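**Q** I am attaching a structure below and will ask some questions about it afterwards.
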Amino acid sequence: KSAVENPEISTALDVLHSVFGYQTFRKGQQEVIQAALSGRDSLVVMATGNGKSLCYQIPALCFAGLTLVISPLISLMKDQVDQLLANGIAADFLNSTQSLEQQQQVQNKAISGELKLLYLSPEKVMTNSFFQFISLCNVSFIAIDEAHCISQWGHDFRPEYTQLGGLKGCFPHAPIMALTATADSTTRQDILQNLSLNEPHLYVGSFDRPNIRYTLVEKFKPMEQLCNFVAAQKGKSGIVYCNSRSKVERIAEALKKRGISAAAYHAGMESSQREAVQQAFQRDNIQVVVATIAFGMGINKSNVRFVAHFDLSRSIEAYYQETGRAGRDDLPAEAVLFYEPADYAWLHKILLEEPESPQRDIKRHKLEAIGEFAESQTCRRLVLLNYFGENRQTPCNNCDICLDPPKKYDGLLDAQKILSTIYRTGQRFGTQYVIGVMRGLQNQKIKENQHDELKVYGIGKDKSKEYWQSVIRQLIHLGFVQQIISDFGMGTRLQLTESTRPVLRGEVSLELATPRLSSITMVQAPQR
Ligand code: ADP
Ligand code: ZN
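Numbering (this note's numbering), first residue to last: 793 to 1320.
As structure tokens, this is what we get:
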């Protein structure tokens, strides 16, 4: 028999059946719950809708003492607590919307051991009064939801989250579970470090949302294209994101003029107004919400049929999170990005106006990745999944590139040239350098490194820089090459992945898209 403080997984399975009424764990849940029960810290990266809540709610019911759940959204907190109460679980929350008297009552319940779960907003934690209170409780376990908010590299940094870094020191014996739906590898590392997790168990689930169709529409007459797209959705529920309040207002007006039931939502509106829009959308009384990224975190609506981006997001993480609000019911849904290269260039320019810093380099890396997503000639889903490190090669057949493919050619030789050059130069350099070697440039750095003596030097003289850039991007998107941020401030370097070996040996065929170097082509949303 195991010690009292380490419950067994069979207990967790009992709880799954008897308390939640589910038959089996979903993918990843058992592994994650087991780690917590054995007392390990963990980071759980799991796509929205897969069941993150159970990952910490079940251990909470298995441990003897109290579980703290830190969550940034006051509205979600109440929903979660209500659901738990409905399942007969003693849960409550503490946040700034409550009167002091209410807070005192909740604290008394926690101290007397009546509560199993206590939800807290991050600003409640790490204050003196919190410590006075919490030292009287028997804390067994701590869950931190939306953990990407602790990272400056995440897409939704919240300063209140940084103080959660002190939790480990205060509760050295309570395992901590950090959970998020989106974190690329930089953000993951940052979460682990900021929370001082101790040899954490890392679970990264698949990011694939197969029912979402990703489409890119090249902007031509943007407002008209957007209105046509929304009109073609025939009453289906959707969200349109754009990056300024004034655009939100203009688009909402334009849609209304077309007879579409639409409302604006942005941080400049009264909170009562915002709440009314959110409620009406939730209840299907409004078809379309036009919003800045302020909209969505608290949304729990399963039948969102489309998410349209009128402007480019600043990172793949943000884009993935925002589009992930579509199709939670697993029925077909559309994610449409309206794009023109100038949008990217603009964001890039603004970013480069910031003073140079490691932070800026990371933001730039993230922005460049979404730029490459937009310019990609390979399956959009592969770009997304490989960005999150899934190492996949099979096209999805449910994105604009798969459904309306660009011209293909036998790219094996080109790929070999690039991969060998990356390999021969020691996997220490970025795209520009690698291309420089391939094209046989007379450049100081190349000479210093004696890379002009390599066999691959000048191997790609016959093609332009842009041509090779496009092919390298495709190899990144296909998961053969990884773009890694080298030491802070040193830019990025290219590295080969495990999947490159058969390509170098010529054991596989490799189709690539003929680089489309004549700038703007008009891509149509696929017909249903
Ligand atoms: P997330 O926080 O990852 O977006 P939730 O925790 O809200 O997801 O879970 C999404 C839905 O899946 C909820 O309705 C939840 O009850 C359900 N769910 C979670 N785990 C299971 C399971 N093992 N079996 C059946 N349904 C589950
Ligand atoms: Zn695809």
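Glycine is no exception: its CB is placed at the ideal position from the N, C-alpha and C atoms.
Since the structure is predicted, the reported quantities are computational estimates derived from the model, not experimental observations.
Can you check which of these residues, Ala1083, Lys1257, Leu1174 and Thr816, is closest to arginine 1042 by C-alpha distance?
**A** Here the question's residue 1042 lines up with position 250 in the sequence shown. Of the candidates Ala1083, Lys1257, Leu1174 and Thr816, the one whose C-alpha sits nearest the C-alpha of arginine 1042 is Ala1083.
**Q** Measure the C-alpha to C-alpha separation of proline 967 and leucine 989 and round it to an integer number of angstroms.
**A** Position 175 of the sequence shown, counting from 1, holds the residue named residue 967. Position 197 of the sequence shown, counting from 1, holds the residue named residue 989. Taking the straight line from one Cα to the other gives about 9 Å.
**Q** Just to confirm before moving on: does the CB-CB distance between valine 1069 and valine 1080 stay below 8 Å?
**A** Reading the sequence shown from its first residue, position 277 is the one you call residue 1069. Reading the sequence shown from its first residue, position 288 is the one you call residue 1080. Taking 8 Å as the Cβ cut-off, valine 1069 and valine 1080 do not qualify as a contacting pair.
**Q** Does DSSP classify glutamine 1275 as helix, strand or coil?
**A** Translated into the one-based positions of the sequence shown, residue 1275 becomes position 483. In this structure, glutamine 1275 counts as strand in the three-state DSSP scheme.
**Q** At the level of alpha carbons, what is the spacing between glutamate 1299 and cysteine 854?
**A** Reading the sequence shown from its first residue, position 507 is the one you call residue 1299. Reading the sequence shown from its first residue, position 62 is the one you call residue 854. When rounded, the distance between both Cα atoms is 52 Å.
**Q** Which of the three DSSP states, helix, strand or coil, is assigned to glutamine 1219?
**A** As a working mapping, residue 1219 is identified with position 427 in the sequence shown. Three-state DSSP puts glutamine 1219 in coil, outside helix and strand.
**Q** Could you name the residues that DSSP lists as bridge partners for serine 834?
**A** Taking the first residue of the sequence shown as position 1, residue 834 is located at position 42. Paired residues: Met969 and His993.
**Q** Does the distance from the C-beta atom of asparagine 842 to that of glycine 997 stay below 8 Å?
**A** Residue 842 sits at position 50 when you count from the first residue of the sequence shown. Residue 997 sits at position 205 when you count from the first residue of the sequence shown. In contact: asparagine 842 and glycine 997 (Cβ atoms closer than 8 Å).
**Q** With a threshold of 16 other CB atoms inside 10 Å of the CB of leucine 808, please say whether the residue is buried or exposed.
**A** Within the sequence shown, numbered from 1, the residue matching residue 808 stands at position 16. With 16 or more Cβ atoms within 10 Å of its Cβ, leucine 808 is classed as buried.
**Q** Between alanine 883 and the rest of its own chain, which residues show a CB-CB distance below 8 Å, the 5 nearest in sequence each way excluded?
**A** Your numbering for residue 883 matches position 91 in the sequence shown. So the list reads Gln872, Val873, Leu876, Leu877, Leu907, Lys908, Leu909, Leu910 and Tyr911, once near-sequence residues are dropped.
**Q** Going by DSSP in three states, tyrosine 1249 sits in which element: helix, strand or coil?
**A** Counting from 1 along the sequence shown, the entry for residue 1249 is found at position 457. If DSSP states are grouped into helix, strand and coil, tyrosine 1249 belongs with coil.
**Q** Give the straight-line distance between the Cα atoms of glutamate 1258 and lysine 1049, rounded to the nearest whole angstrom.
**A** Counted from its first residue, the sequence shown places residue 1258 at position 466. Counted from its first residue, the sequence shown places residue 1049 at position 257. Glutamate 1258 and lysine 1049: Cα-Cα distance of roughly 43 Å.
**Q** Of all the options Ile881, Gly857 and Leu886, which has the alpha carbon lying nearest to the alpha carbon of methionine 869?
**A** Here residue 869 refers to the residue found at position 77 of the sequence shown. Nearest C-alpha to methionine 869: Leu886.
**Q** Given that a residue counts as buried once 16 or more other Cβ atoms are within 10 Å of its Cβ, and exposed if not, what is glutamine 1316?
**A** Here residue 1316 corresponds to residue number 524 of the sequence shown, with the count starting at 1. Reliability fails at glutamine 1316, whose pLDDT of 40 lies under 50, so the model's placement of it is uncertain and the value that follows must be treated cautiously. Counting Cβ neighbours within 10 Å, glutamine 1316 comes out exposed, since fewer than 16 surround it.
**Q** What span of residues does the alpha helix (DSSP H) with isoleucine 1085 cover, start to end?
**A** Taking the first residue of the sequence shown as position 1, residue 1085 is located at position 293. Premise fails: isoleucine 1085 is in no alpha helix (DSSP H) and is neither H nor E.
**Q** If you compare alpha carbons, which of Gly1218, Gln1219, Arg1220 and Asp1206 is closest to arginine 1231?
**A** Within the sequence shown, the letter at position 439 stands for residue 1231. Selected option, being the one with the closest Cα: Asp1206.
**Q** Quick check: the region 1161 to 1168 against the region 1124 to 1136, are there 3 or more CB pairs under 8 Å?
**A** The region 1161 to 1168 vs the region 1124 to 1136: in contact.
**Q** Are valine 931 and glycine 857 closer than 8 Å when you measure CB to CB?
**A** Translated into positions along the sequence shown, residue 931 becomes position 139. Translated into positions along the sequence shown, residue 857 becomes position 65. Against a cut-off of 8 Å, the Cβ pair of glycine 857 and valine 931 comes out as a contact.
**Q** What's the C-alpha gap between alanine 1059 and phenylalanine 1221?
**A** Your numbering for residue 1059 matches position 267 in the sequence shown. Your numbering for residue 1221 matches position 429 in the sequence shown. Near 42 Å, if we compare the C-alpha coordinates of phenylalanine 1221 and alanine 1059.
**Q** At a cut-off of 7 Å, would you count leucine 846 as near ligand 1, judging by its Cβ distance to the nearest heavy atom?
**A** To locate residue 846, count along the sequence shown from 1; it is residue 54. Leucine 846 Cβ: within cutoff of ligand 1.
**Q** Please tell me whether valine 898 and leucine 956 are closer than 8 Å, where the distance is taken between their beta carbons.
**A** Within the sequence shown, numbered from 1, the residue matching residue 898 stands at position 106. Within the sequence shown, numbered from 1, the residue matching residue 956 stands at position 164. No, Cβ-Cβ distance for valine 898 and leucine 956 is not below 8 Å.
**Q** Look up threonine 1007 in the DSSP assignment and say whether it is helix, strand or coil.
**A** One-based indexing of the sequence shown puts residue 1007 at position 215. Strand, per DSSP.
**Q** Any heavy atom of ligand 4 closer than 7 Å to the CB of phenylalanine 817?
**A** As for ligand 4, it is missing from this structure, which binds only ligand 1 and ligand 2.
**Q** Select from Asn1020, Arg1156 and Asp1192 the residue whose C-alpha is nearest the C-alpha of lysine 1141.
**A** Within the sequence shown, numbered from 1, the residue matching residue 1141 stands at position 349. Looking at the Cα atoms, Arg1156 is the closest of the given residues.
**Q** Taking glycine 841 as part of the beta strand (DSSP E), name the residues at either end of that continuous run.
**A** Taking the sequence shown and counting its residues from 1, one reaches residue 841 at position 49. That residue, glycine 841, is in no beta strand (DSSP E); it is neither H nor E in DSSP.
**Q** When you compare only the Cα positions, how much space is there between cysteine 1194 and alanine 1054?
**A** Indexing the sequence shown from 1 puts residue 1194 at position 402. Indexing the sequence shown from 1 puts residue 1054 at position 262. Approximately 31 Å, taken between the alpha carbons.
**Q** Under 7 Å: does the beta carbon of methionine 838 sit that close to some heavy atom of ligand 1?
**A** Taking the sequence shown and counting its residues from 1, one reaches residue 838 at position 46. Answer for methionine 838: yes, Cβ within range of ligand 1.
**Q** Kindly provide the ranges of any alpha helix (DSSP H) runs that are 4 or more residues long and lie completely inside the region 878 to 907, ordered along the chain.
**A** For the region 878 to 907, whole alpha helix (DSSP H) runs of length 4 or above, ordered along the chain, are 892 to 903.
**Q** Looking only at C-alpha atoms, which of Arg1075, Gln826, Arg980 and Ala939 sits nearest to valine 861?
**A** As a working mapping, residue 861 is identified with position 69 in the sequence shown. Among Arg1075, Gln826, Arg980 and Ala939, the Cα nearest to that of valine 861 belongs to Ala939.
**Q** With DSSP as the reference, label glycine 1030 as helix, strand or coil.
**A** By 1-based counting over the sequence shown, the position of residue 1030 is 238. Reduced to three states, the DSSP call for glycine 1030 is strand.
**Q** Mark threonine 1186 as exposed unless 16 or more other C-beta atoms lie within 10 angstroms of its C-beta, in which case mark it buried.
**A** Within the sequence shown, numbered from 1, the residue matching residue 1186 stands at position 394. By the 10 Å Cβ count, threonine 1186 comes out exposed.
**Q** Which term fits aspartate 976, buried or exposed, when burial requires 16 or more other beta carbons within 10 angstroms of its beta carbon?
**A** Locating residue 976 in the sequence shown gives position 184, counting from the first residue. Aspartate 976 is buried by the Cβ-count criterion.
**Q** Indicate the three-state DSSP secondary structure (helix, strand or coil) for arginine 1184 in the structure shown.
**A** Numbered from 1 along the sequence shown, position 392 holds the residue referred to as residue 1184. If DSSP states are grouped into helix, strand and coil, arginine 1184 belongs with coil.
**Q** Leaving out five residues before and five after arginine 1265 in sequence, what residues of the same chain have Cβ atoms less than 6 Å from its Cβ?
**A** Taking the first residue of the sequence shown as 1, we reach residue 1265 at position 473. Contacts found: Glu1164.
**Q** Under DSSP, the beta strand (DSSP E) around lysine 1200 begins and ends at which residues?
**A** Reading the sequence shown from its first residue, position 408 is the one you call residue 1200. From DSSP, the beta strand (DSSP E) with lysine 1200 extends over 1200 to 1202.
**Q** Is there at least one non-hydrogen atom of ligand 2 closer than 7 Å to the beta-carbon of isoleucine 1193?
**A** Position 401 of the sequence shown, counted from the first residue, corresponds to residue 1193. Because some heavy atom of ligand 2 lies under 7 Å away, the Cβ of isoleucine 1193 counts as near it: yes.
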